[in-house]
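What follows is a single structure, written as structure tokens, with notes after it.
In the numbering used here, the protein residues as written are 340 to 641.
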């Protein structure tokens with residue numbers, strides 16, 4: 340382990356001051372599940388670790404007057420998983436966090452840390468729409484909330500400046516009558532990180548036409564994958580089996596997956612097709628619609 344200094348600021352403002360003083364030589368410590376590993380592997384050499392454990396208000400779970408869910412950056416995965424507020428309005432999000440690794444990891448890992456690490460194979464990310472960041476006064480104009488798909492720009496890279504930190508994640512309400520789901524495929528053990536993870540949200544009009552479809556695929560490329568033109572093409576059309584398979588085919592064709600120990604690019608492309616279709620059907624099922632097809636079947640293509 341490299342040697343480093345230790346800082347425990349008591350407020351967000353003090354944290355920002357430390358970050359501004361040390362720049363890229365400082366690393367924030369939230370839950371530490373990722374940072375501890377890379378420190379032990381000698382992949383990072385910070386001069387100071389900045390712990391967030393004494394900063395108040397970063398672990399709250401609250402609902403705004405507009406119905407949005409706010410998760411503080413230091414909120415543990417286990418807290419999201421077990422929160423009655425989250426389960427009542429965002430059950431798919433609670434289920435997503437409940438399926439991460441094992442209970443020991445979930446008691447330690449944090450919402451904000453997972454996003455800031457920008458590790459492609461960390462799977463709650465496709466289900467988190469928007470993050471809020473704070474920066475030093477000299478860059479206060481850059482502190483506006485950003486979409487998660489704009490936050491991550493590459494492997495372990497985000498748009499955050501050295502003097503910025505994530506303070507919370509904001510999740511909009513699920514429209515009445517809509518359904519959401521997150522499915523992931525692990526090619527090795529149950530506690531392994533995903534080979535493919537897919538989040539889907541479906542909102543249908545009373546006549547069955549699609550008002551909105553959202554599909555985000557994670558763990559297959561350096562950043563979460565959302566194919567906007569494919570999703571837009573479903574608006575106003577019935578989301579039947581043919582439309583679902585067309586979306587799945589289009590996602591499999593559009594995404595350029597990577598190869599690693601969990602699966603080759605060729606294998607991931609096939610799993611993208613399978614799990615995009617399954618996730619859409621699972622979201623439809625949660626919304627009370629049954630388009631046909633077995634979204635939760637055990638047979639996978641060879």
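No residue lacks a Cβ here, since even glycine has one placed at the ideal position from N, Cα and C.
Remember, predicted model here, so these are calculated numbers, not experimental data.
Buried versus exposed, by CB contacts within 10 Å (16 or more), residue i
i           : result
residue 380 : exposed
residue 384 : exposed
residue 350 : exposed
residue 496 : exposed
residue 354 : buried
residue 506 : buried
residue 352 : exposed
residue 629 : exposed
residue 441 : exposed
residue 581 : exposed
residue 480 : Residue confidence is low: residue 480 scores 41 on pLDDT, short of 50, so the model does not pin down where it sits. Its coordinate-derived value is still stated next. It counts as exposed.
residue 452 : buried
residue 502 : buried
residue 533 : buried
residue 569 : buried
residue 596 : buried
residue 535 : buried
residue 464 : buried
residue 627 : exposed
residue 474 : buried
Top-ranked residue by Cα proximity to residue i, from the options
i           : options            : result
residue 457 : 436, 540, 499      : 499
residue 603 : 570, 559, 344, 503 : 559
residue 613 : 591, 624, 601, 626 : 591
residue 425 : 472, 407, 595      : 407
residue 403 : 569, 371, 462, 428 : 428
residue 537 : 437, 466, 430, 447 : 466
residue 611 : 390, 529, 522, 531 : 522
residue 431 : 372, 539, 445, 376 : 539
residue 375 : 341, 459, 485      : 341
residue 622 : 599, 555, 567, 598 : 555
Check: residue i C-beta below 6 angstroms from any heavy atom of the ligand COA
i           : result
residue 605 : Ligands in the displayed structure: none, and consequently the ligand COA is not present.
Whole-number beta carbon distance between residue j and residue i, since they are thought to touch under 8 angstroms
i           : j           : result
residue 576 : residue 548 : 6 angstroms
residue 542 : residue 520 : Wrong, their Cβ atoms sit about 13 angstroms apart, outside the cutoff.
residue 449 : residue 415 : 6 angstroms
residue 619 : residue 594 : So it is not a contact: roughly 16 angstroms between Cβ atoms.
residue 387 : residue 365 : 5 angstroms
residue 348 : residue 393 : 7 angstroms
residue 491 : residue 423 : That pair is no contact at about 30 angstroms.
residue 434 : residue 413 : That pair is no contact at about 22 angstroms.
residue 420 : residue 401 : About 17 angstroms; that fails the 8 angstroms criterion.
Enclosing alpha helix (DSSP H) for residue i [first to last residue]
i           : result
residue 567 : 567–571
residue 606 : 604–625
residue 356 : 351–361
residue 376 : 374–379
residue 581 : 580–593
residue 490 : 487–490
Limits of the beta strand (DSSP E) - the one that residue i falls within
i           : result
residue 553 : 549–557
residue 536 : 535–543
residue 518 : 518–524
residue 503 : 503–510
residue 344 : 344–346
residue 368 : 365–368
residue 389 : 387–390
Chain B within 7 angstroms of residue i, Cβ atoms only
i           : result
residue 421 : Among the protein chains of the structure shown there is no chain B, as only one such chain exists.
4-residue-minimum alpha helix (DSSP H) runs that sit fully inside the region 395–457, ordered along the chain: Whole alpha helix (DSSP H) segments, 4+ residues: 416–421, 423–428, 430–437, 442–447, 450–456.
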